[in-house]
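One structure below.
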Amino acid sequence: AASTSAPFYINATGTTANHIDGNVSNISAKVTGTGCNVTFAGTTNGWYENTTKTLHITGGGSLAAGAGASCLGLITAGAHADFLANY
Numbered sequence: 021a022a023s024t025s026a027p028f029y030i031n032a033t034g035t036t037a038n039h040i041d042g043n044v045s046n047i048s049a050k051v052t053g054t055g056c057n058v059t060f061a062g063t064t065n066g067w068y069e070n071t072t073k074t075l076h077i078t079g080g081g082s083l084a085a086g087a088g089a090s091c092l093g094l095i096t097a098g099a100h101a102d103f104l105a106n107y
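Position 40 of the sequence shown, counted from 1, bears residue number 60 in the numbering used here, the numbering being contiguous throughout.
Rendered as structure tokens:
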């Protein structure tokens, strides 16, 4: 099962003629299942395209597995995670 906590925050860090650079912060997402219990927390990068009205989440940032993460040895505490999407 997967769950998230709200709210996530969308932050502007700079602008150009056609897009706004920024990040999504306050991310907290938990994955649980047989042999797996991990919470990812942090920030990921992205930008908003004014002409297409699309939010692009591009990864990077500080999104990582928290202390006590255990997922059959595949995910451990501090493991980096990328969140990639277009909205």
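Ideal Cβ placement from N, Cα and C applies to all residues, glycine included.
Predicted model only: the values in this text are computed from it and were never measured.
query: DSSP three-state label for N23, please.; result: Looking at the sequence itself, residue 23 is Ser, so the reference to Asn does not match. In the structure shown, S23 sits in a strand (DSSP, three-state: E or B).
query: Does the distance from the C-beta atom of C56 to that of L92 stay below 8 Å?; result: yes
query: So F28 and V44 are in contact, right, with Cβ under 8 Å, and what is the actual spacing, rounded?; result: 5 Å
query: Any idea which residues DSSP pairs K50 with across the strands?; result: S23, T59
query: Under the assumption that T96 contacts G79 (Cβ atoms under 8 Å), give the Cβ distance between them as a whole number of angstroms.; result: Not confirmed; about 20 Å, so no contact.
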